[in-house]
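Spelled out as structure tokens, the structure:
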């Protein structure tokens, strides 16, 4: 009976966590090395450029398992990540507009893979972003990754 209760408790805990919002961090000042295990003795899989958003999947001590924009998962030290939030454009020729409206003026067009700073999380399906050149506008939340 005790084992059954433990299993039920674990399932309920996982189900409760599934409804939570995703936790994103940004690669800090130096590129992040992603490993196949939570240790520098693991195999190096990827190098992620600074500023790239990563979704935190799991924390294990000083290490976090992360998911990148392509959906790949790996481990990296938490100390290399920043709380600053960036997003990535998902499609070519994405229009960033002056207001949260399809008919508003286009401020700039961003190509697939462009990093933008998250200024204000999405409201009504739109997210306010800033380009590294200082241009600010609104993009459809469905057209970016990192929220």
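Numbering (mature numbering (1 follows the signal peptide of the UniProt record, and there is no 0)), first residue to last: -21 to -1, 1 to 126.
By construction, the Cβ of each residue, glycine as well, lies at the ideal position given by its N, Cα and C atoms.
Within 10 angstroms of its Cβ, does residue i collect 16 or more other Cβ (buried), or is it exposed?
| i | result |
| --- | --- |
| residue 34 | buried |
| residue 44 | buried |
| residue 100 | exposed |
| residue 113 | exposed |
| residue 13 | buried |
| residue 15 | exposed |
| residue 39 | exposed |
| residue 80 | exposed |
| residue 92 | exposed |
| residue 59 | buried |
| residue 88 | exposed |
Quick one: what's got a C-beta closer than 7 angstroms to residue i's C-beta in the same chain, skipping five residues either side?
| i | result |
| --- | --- |
| residue 29 | 6, 7, 8, 9, 10 |
| residue 109 | 95, 96, 98, 115 |
Could you give the DSSP three-state label for residue i: helix, strand or coil?
| i | result |
| --- | --- |
| residue 58 | helix |
| residue 122 | helix |
| residue 65 | strand |
| residue 116 | strand |
| residue 81 | coil |
| residue 198 | Lying outside -21 to 126, the shown extent of the chain, residue 198 is not represented and no answer is given. |
| residue 71 | coil |
| residue 39 | strand |
| residue -5 | A caution first: residue -5 carries a pLDDT of 42, below 50, which makes its placement in the model unreliable, though a value can still be read off. In the structure shown, residue -5 sits in a helix (DSSP, three-state: H, G or I). |
| residue 107 | strand |
Looking only at its own chain, which residues have a Cβ that is under 8 angstroms from the Cβ of residue i, when we skip the five neighbours before and after it?
| i | result |
| --- | --- |
| residue 126 | 1, 3, 66, 97, 100, 101, 106, 120 |
| residue 25 | 12, 13, 47, 51, 53 |
| residue 62 | 4, 5 |
| residue 21 | 14, 15, 54 |
CB of residue i to nearest heavy atom of the ligand ATP: below 6 angstroms?
| i | result |
| --- | --- |
| residue 9 | Here there are no bound small molecules, and the ligand ATP is not part of this structure. |
Can you name, in chain order, every residue of its own chain whose Cβ lies under 6 angstroms from the Cβ of residue i, other than the five neighbours on each side?
| i | result |
| --- | --- |
| residue 84 | 77 |
| residue 17 | 39, 42, 54 |
| residue 57 | 41, 43 |
| residue 31 | 6 |
Assuming residue i and residue j make a contact with CB atoms under 8 angstroms, what is their CB distance in whole Å?
| i | j | result |
| --- | --- | --- |
| residue 95 | residue 68 | 7 angstroms |
| residue 47 | residue 71 | That belief does not hold up - the Cβ atoms of residue 47 and residue 71 are roughly 19 angstroms apart, past 8 angstroms. |
Determine, using beta carbons only, whether residue i comes closer than 7 angstroms to chain B.
| i | result |
| --- | --- |
| residue 41 | The chain inventory of the structure shown lacks chain B, comprising one protein chain alone. |
Q.
If we require 3 or more residues per run, which beta strand (DSSP E) segments fall completely within the segment 9 to 33?
A. If we require 3 residues or more, the beta strand (DSSP E) runs fully inside the segment 9 to 33 come out as 11 to 14, 23 to 27.
(request) Just list the beta strand (DSSP E) runs in the segment 81 to 105, keeping only unbroken ones of 3 residues or longer that don't cross its boundaries, in chain order. (result) Runs found: 85 to 89, 94 to 102.
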